[in-house]
Amino acid sequence: MRISLGDVSLWFDVSGPSVIPQGDTTAERPVVVAVHGGPGLDHMTVKSALGPLAEDFQVVYFDLRGHGRSDRSSAEFWNMRTWADDLRRLCDALGLDKPVVLGSSFGGDVALTYAGLFPGHPGGVMLANTTGGRSDQQRVIEAFGRLGGPEAAAVARRTYADETGDSQAEFIRVCYPLYSATPGWAGESRQFFARMIKNMDVSLHYSSQRASGFDPWTVTAAVRCPVLVLTGEDDPICPLPVVEELTSRLPAKTTRLVKLPGARHTIFRDRPDLAFPAVRDFVFQIKESQPAR
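Dropping the structure here:
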């Protein structure tokens, strides 16, 4: 489905019903808005991971401006402030009051920016397998070296130094299979990427503008809603010390950090026994705290 926000049309999809029968009446289920990874990828980065959540919630998936099936728009709008504002406007257009948003990987950067720029808008935000926009290149290179040996470390180093995108295919071949700690991910990840609609122009543009662009960490103190931070203790692309520092910058009274032992970047694949219950508890707690409509 597509929805117009005025200057841009976004593609979205849903999994699970929003209203279910309950005896002689009906009950509304919580809604979770999922923000995908990237930049340059599409909603499949989260839809393939979050399927079980539809048992308890309605999950809204969408492609960010410039991504997937949504309007490409133009490069001047491929930035964090615009994506965060699009998220806010999408929720408003769908009639979602105090939405609960789950941002995964790069989507966590968008979700954090949204929560900081529009602190009265979200009901809660989940930052999953993300550093919220900060990178520690040396830690990432060392992590890939531990998991994949010298070749993986060298590929990660070349990818960080590459401004043309030529190293992307090599990174996907060598480093992306190391994103998961569970068997079968190498083959699964190849199929995963084949299914996605990719726009590497967005990725290259965002990387080139990042140094002079907006830093989501600058708005952490403005966040007012409850925040759940989920991180794999062995995530090579989002090192634990960086995630811990991000958490320390968020309001302590409303922020909870859940570390997932043995999980890498694909936390819902590696530790579904811990990740999904944490999400469910968080969402239901928010629903219980909100006034009945």
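Reading the sequence shown from the start, the letters are residues 3 to 295 in our numbering. Every residue, glycine too, gets a C-beta built ideally from N, C-alpha and C.
Measuring alpha carbon to alpha carbon, tell me which residue in the options is nearest residue i.
i	options	result
N201	T233, G167, V231 and M3	G167
F195	Q24, S17 and D44	D44
I199	Y162, H69, L55 and V48	H69
D87	S209, S291 and L7	L7
R148	V127, Y208 and Y181	Y181
P228	F146, G118, T133 and T132	G118
G135	F146, C177, G105 and E235	G105
G150	T249, A183, V35 and V10	A183
G18	D9, V62 and Q24	V62
T222	S107, E247 and W80	E247
A254	S210, M3, R226 and P218	R226
D272	G126, G215, E235 and D203	E235
S107	S137, F286 and V16	S137
R91	V285, M46, P274 and L12	L12
Q139	P241, A280, P179 and P274	P241
Taking just the CA atoms, how far does residue j sit from residue i?
i	j	result
K100	E190	35 Å
K65	L114	It is Asp, not Lys, that sits at residue 65 in the sequence shown. Distance between the alpha carbons of D65 and L114: 17 Å.
D237	T27	45 Å
P32	H38	19 Å
E78	S72	16 Å
F278	V48	13 Å
E57	D164	42 Å
R258	L52	20 Å
L252	S205	27 Å
G122	A265	33 Å
A95	D111	22 Å
A36	Y116	13 Å
R141	N131	16 Å
V34	V103	6 Å
L55	W187	21 Å
I239	F146	8 Å
R4	F14	6 Å
V10	R74	8 Å
G109	G40	7 Å
V260	E290	21 Å
Closer than 7 Å by C-beta to residue i: which residues in its own chain qualify, once you throw out the five before and the five after it? Chain order, please.
i	result
I143	A155, A158 and R159
E172	V157
V245	T133, V231 and T233
S20	E30, R31, V33 and Q60
C93	V35 and P101
For residue i, count neighbouring C-beta atoms within 10 Å of its own C-beta (all shown protein chains included) and say buried if the count is 16 or more, exposed if not.
i	result
Q60	buried
I22	exposed
T220	exposed
G25	exposed
R192	exposed
R67	buried
A224	exposed
S250	exposed
F270	buried
G97	exposed
P124	buried
P218	buried
F286	exposed
Which same chain residues, not among the five before or five after residue i, have their C-beta less than 8 Å away from its C-beta?
i	result
E153	V176
T161	S169, Q170, E172, F173 and C177
Apart from the five residues on each side of it in sequence, which residues of its chain come closer than 6 Å, Cβ to Cβ, to residue i?
i	result
L276	L262
A29	I22
H207	A77 and W80
F216	M82 and R83
F284	L230
M128	L104 and L230
Would the C-beta of residue i count as close to the ligand HEM, meaning under 7 Å from any of its heavy atoms?
i	result
G8	The model on display carries no ligand, and the ligand HEM is accordingly not part of it.
Going along the chain, which unbroken runs of the beta strand (DSSP E) with 3 or more residues stay wholly within the segment 56-116?
Every beta strand (DSSP E) of 3 residues or more that sits fully in the segment 56-116 is shown, in chain order, as 60-64 and 102-106.
Starting from the N-terminal side, write out each stretch of the alpha helix (DSSP H) that is 4 residues or longer and does not extend beyond the segment 214-260.
If only complete runs of 4 or more residues are kept, the segment 214-260 shows the alpha helix (DSSP H) at 242-251, in order along the chain.
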